[in-house]
Amino acid sequence: MDVDKTSTTPRPIDEYHAFGEFVGSFENAPRVRFAGIAKAFWKNGARENPTKWEKLGWEQRTAIVTAIFSMMAALVGYVAKRIRSDVEIDWRPHLR
């Protein structure tokens, strides 16, 4: 089995859950073969192919979340200031 270009050996006691596009076939009586690409894949309850967000370190995640909240706070502050100053806001472009 290959997960994110890393080969692993499945064991009969492992439990797998996958979400994606797969094709299954019988190799012989007791063996089934699945081939495809998993968008999400878990082995024994642990995610085997993490998302880009899950691959980031906590420092990077914190920086991204802080930047998003800062931009939202700036936008809310700007809109609140415009509303408090009672300036008429025309969202349509000026046509001449």
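For this note's numbering, add 167 to where a residue sits in the sequence shown, where the first one is 1. Here a beta-carbon is modelled for each residue, glycine too, at the ideal position from N, C-alpha and C.
Limits of the alpha helix (DSSP H) - the one that residue i falls within
{"i": "Ser252", "result": "Here Ser252 belongs to no alpha helix (DSSP H), and DSSP marks it neither H nor E."}
{"i": "Glu182", "result": "No alpha helix (DSSP H) contains Glu182, which DSSP labels as neither H nor E."}
{"i": "Lys219", "result": "Lys219 to Lys222"}
C-alpha gap between residue i and residue j, whole angstroms
{"i": "Asn211", "j": "Ser192", "result": "23 Å"}
{"i": "Trp225", "j": "Pro197", "result": "44 Å"}
{"i": "Leu280", "j": "Val232", "result": "An answer regarding residue 280 cannot be provided, because it is not within the stretch 168 to 263 covered by the chain."}
{"i": "Arg200", "j": "Phe189", "result": "10 Å"}
{"i": "Ser252", "j": "Ala230", "result": "33 Å"}
{"i": "Ala213", "j": "Thr175", "result": "14 Å"}
{"i": "Asn195", "j": "Ile235", "result": "53 Å"}
{"i": "Glu182", "j": "Leu223", "result": "26 Å"}
{"i": "Thr173", "j": "Glu255", "result": "60 Å"}
{"i": "Ala240", "j": "Ile250", "result": "15 Å"}
{"i": "Arg228", "j": "Ile204", "result": "27 Å"}
{"i": "Trp209", "j": "Ser237", "result": "35 Å"}
{"i": "Asp171", "j": "Pro260", "result": "49 Å"}
CB of residue i within 8 Å of CB of residue j, strictly
{"i": "Phe186", "j": "Ala202", "result": "no"}
{"i": "Met168", "j": "Pro177", "result": "yes"}
Residue i - containing beta strand (DSSP E), residue span
{"i": "Arg210", "result": "According to the sequence provided, residue 210 is Lys. The question's Arg does not apply to it. Its beta strand (DSSP E) spans residues Arg198 to Lys210."}
- Query: So does the segment 236–248 actually touch the segment 213–220, counting three or more Cβ pairs closer than 8 Å?
  - Reply: The segment 236–248 makes no contact with the segment 213–220; the number of CB pairs closer than 8 Å stays below 3.
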